[in-house]
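Taking it in order: structure first as structure tokens, then the write-up.
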Amino acid sequence: MEQASTEDHDHQPIDLDRLRRTAESVLRGNWSGDHMVPSRTLYPHQWSWDAAFISIGLAHVAPDRAWRDLRSLFTAQWPDGRVPHIVFDPGVSEKDYFPGPAFWDVPPLPGGPSHIRTTGIVQPPVHALAARMIHRVAPDVEELRWLYPRLVAQQEYLLKQRDAGGAGLVSIVHPWESGLDNSPSWDEALARLPADVRVLDRYQRRDVQVAVATHRPTNDDYARYIALATSYRDNGYQDFDLLERHGFVVECPAFNALTADAELALAEIAQVVGADPGPHRERAAEITQTMVERLFDPGTGLFHVFDVRTGKRSEARCVNGLMPLILPELPQEVAASLAAEAASGRFGLSPLPVPSYDRTAPDFDPLRYWRGPVWINVNWLLRRGFAEHGYALQAEALRQAMLSVVDRSGCFEYFHPITGEGIGTPEFSWTAALVLDLLA
Ligand code: 2M8
Numbered sequence: 087m088e089q090a091s092t093e094d095h096d097h098q099p100i101d102l103d104r105l106r107r108t109a110e111s112v113l114r115g116n117w118s119g120d121h122m123v124p125s126r127t128l129y130p131h132q133w134s135w136d137a138a139f140i141s142i143g144l145a146h147v148a149p150d151r152a153w154r155d156l157r158s159l160f161t162a163q164w165p166d167g168r169v170p171h172i173v174f175d176p177g178v179s180e181k182d183y184f185p186g187p188a189f190w191d192v193p194p195l196p197g198g199p200s201h202i203r204t205t206g207i208v209q210p211p212v213h214a215l216a217a218r219m220i221h222r223v224a225p226d227v228e229e230l231r232w233l234y235p236r237l238v239a240q241q242e243y244l245l246k247q248r249d250a251g252g253a254g255l256v257s258i259v260h261p262w263e264s265g266l267d268n269s270p271s272w273d274e275a276l277a278r279l280p281a282d283v284r285v286l287d288r289y290q291r292r293d294v295q296v297a298v299a300t301h302r303p304t305n306d307d308y309a310r311y312i313a314l315a316t317s318y319r320d321n322g323y324q325d326f327d328l329l330e331r332h333g334f335v336v337e338c339p340a341f342n343a344l345t346a347d348a349e350l351a352l353a354e355i356a357q358v359v360g361a362d363p364g365p366h367r368e369r370a371a372e373i374t375q376t377m378v379e380r381l382f383d384p385g386t387g388l389f390h391v392f393d394v395r396t397g398k399r400s401e402a403r404c405v406n407g408l409m410p411l412i413l414p415e416l417p418q419e420v421a422a423s424l425a426a427e428a429a430s431g432r433f434g435l436s437p438l439p440v441p442s443y444d445r446t447a448p449d450f451d452p453l454r455y456w457r458g459p460v461w462i463n464v465n466w467l468l469r470r471g472f473a474e475h476g477y478a479l480q481a482e483a484l485r486q487a488m489l490s491v492v493d494r495s496g497c498f499e500y501f502h503p504i505t506g507e508g509i510g511t512p513e514f515s516w517t518a519a520l521v522l523d524l525l526a
């Protein structure tokens, strides 16, 4: 059982009961009938990897809702296996989120409920991990039986249709697919695309009406996001010949690490539902090995994004380059290198959790979205990585740092990497949910 209080980095006691109550109340407020919204104001629909993180925390307080959230998301899975990055709530007006269902223009799922509208891109597959974790807290074999073939189809879509580089890794076709939207990871690949901000005469950005504009991606970023989404949409969301037809095709170390991690979770789920775990373990080992060969730079001690169109690795040192630490079969020296980088002055584990970008980079930006601020979901994953590789002290330091910053500032979307101030939208669901998991 958790002790009633611990200390934050100023040696102030953290009131764990209060923190738990705050987190639970955020999740109660953001529940929307059959799914959780990340935020009532900024993100009023269901997001894919948010649903996974959220359900991991919900399992501790409302397991029925945890299973329900995943079920709602997978009810919107496409016949080709892709799990859309947003499932739109038909009760929310088009003007309340951009780009909404009219922009994505995805027809109703064949044979599916006619009211379901989605985007056509994906997000990291954290859902098998979520299902495995919920089942440990609130076992439900029937839910696992329903999810297992769908989770397998999700992996098959990613590993077959999205292997644009032909090496066995997943490519993403839009920065939104990474979940780390405006990370410096994509700067080099995006710089080769024109940024025609006139497109914003036609569309209205909703995010800058409900959040501080200087914290959000720039108009140049948005012009490119819209151009890439339009290109993929106008090619019918098809994945063949991506290198010829699409301007952004990159392999992200966090996305691929989560894909390998999903195979390991599926191996466990397979045993519960009577399927063969062997192929899942093999795929996890293959992805891990290919990632080390292709995305790891022994010079920086980090993994980097690989641009499939140019055959070059990005030089930016970003938090996604630390994420492969979650993989148990990572060679020991690679894990040691990631652990050292994470604890170094570039990132630093405490008193504040790891920022989204190298603190020493000249363009480190403490306020702008994924270009500096601290995010709880990536730190929660990193903590698992430390624990996985036997770095118990670092795992605990990171856990304390996360609890402390949320206790001081609230369940914000992200946090200032120097002051710990909460930024982005308040009452953000995955922050609340992952705090509940850290407290459990
Ligand atoms: C952010 O992304 C959305 C687009 O998907 C946006 O900026 O409108 C990202 O932080 C992403 O990782 C997250 O899933 C989403 C909802 O929380 O917001």
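Heads up: the sequence shown begins at 87 in the working numbering, then just goes up one per residue. All C-beta atoms, glycine included, are put in the ideal place defined by N, C-alpha and C.
{"Asked": "Which listed residue (386, 513, 496, 276) has its alpha carbon closest to that of residue 313", "Found": "276"}
{"Asked": "Closer than 6 Å: residue 73 CB and nearest the ligand 2M8 heavy atom", "Found": "Here the chain covers residues 87 to 526 and nothing more, so residue 73 does not appear."}
{"Asked": "Span separating the alpha-carbon of residue 121 from that of residue 151", "Found": "8 Å"}
{"Asked": "Check whether residue 281 and residue 306 have beta carbons under 7 Å apart", "Found": "yes"}
{"Asked": "Cβ contact (3+ pairs, closer than 8 Å) linking the region 140-150 and the region 97-115", "Found": "yes"}
{"Asked": "Selected residue, minimal CA-CA separation from residue 182, among 497, 505, 291", "Found": "291"}
{"Asked": "Cβ-based burial, residue 201 [other Cβ within 10 Å; buried from 16]", "Found": "exposed"}
{"Asked": "Limits of the beta strand (DSSP E) - the one that residue 312 falls within", "Found": "First-last for residue 312: 305-320, but that is the alpha helix (DSSP H), not the beta strand (DSSP E)."}
{"Asked": "Residue 548 versus residue 106: straight-line alpha-carbon distance, rounded", "Found": "Any question about residue 548 goes unanswered here, given that the chain covers just 87 to 526."}
{"Asked": "Sufficient close CB pairs (3 or more, under 8 Å) joining the region 150-165 to the region 226-238", "Found": "yes"}
{"Asked": "For residue 523, the first and last residue of its enclosing beta strand (DSSP E)", "Found": "Run containing residue 523: none in the beta strand (DSSP E); it sits in the alpha helix (DSSP H), 515-525."}
{"Asked": "Stretch pair the region 337-349 + the region 403-423: three plus CB contacts closer than 8 Å", "Found": "yes"}
{"Asked": "Simplified DSSP assignment, three categories, for residue 173", "Found": "strand"}
{"Asked": "C-beta contact flag for residue 457 and residue 270 at 7 Å", "Found": "yes"}
{"Asked": "Within 7 Å, strictly: CB atoms of residue 209 and residue 265", "Found": "yes"}
{"Asked": "Closest residue to residue 345 among 267, 263, 361, 404 (Cα-Cα distance)", "Found": "263"}
{"Asked": "Heavy atom of the ligand 2M8 within 6 Å of residue 115 beta-carbon", "Found": "no"}
{"Asked": "Simplified DSSP state of residue 102, which is helix, strand or coil", "Found": "helix"}
{"Asked": "Among 477, 460, 450, 303, the one whose alpha carbon lies nearest that of residue 509", "Found": "460"}
{"Asked": "Within 7 Å, strictly: CB atoms of residue 518 and residue 109", "Found": "yes"}
{"Asked": "Cutoff 6 Å; reference residue 357; Cβ partners in own chain excluding five residues on either side", "Found": "363"}
{"Asked": "DSSP beta-bridge partners of residue 337", "Found": "392"}
{"Asked": "Segments assigned alpha helix (DSSP H), at least 4 residues, entirely inside the region 163-234", "Found": "187-190, 213-223"}
{"Asked": "Identified DSSP bridge partners for residue 122", "Found": "117"}
{"Asked": "Where residue 427 falls, given that 16 or more other Cβ within 10 Å makes a residue buried", "Found": "buried"}
{"Asked": "CB of residue 240 within 7 Å of CB of residue 169, strictly", "Found": "yes"}
{"Asked": "Any non-hydrogen atom of the ligand 2M8 closer than 6 Å to residue 133 Cβ", "Found": "yes"}
{"Asked": "Selected residue, minimal CA-CA separation from residue 453, among 117, 253, 304", "Found": "304"}
{"Asked": "Sequence-distant residues of its chain with Cβ nearer than 7 Å to residue 87 (five each side left out)", "Found": "Low confidence applies here, because residue 87 scores a pLDDT of 33, under 50, leaving its location unreliable; read the following figure in that light. Answer for residue 87: no residue qualifies."}
{"Asked": "Identity of the residue in 505, 229, 130 nearest residue 296 by Cα", "Found": "130"}
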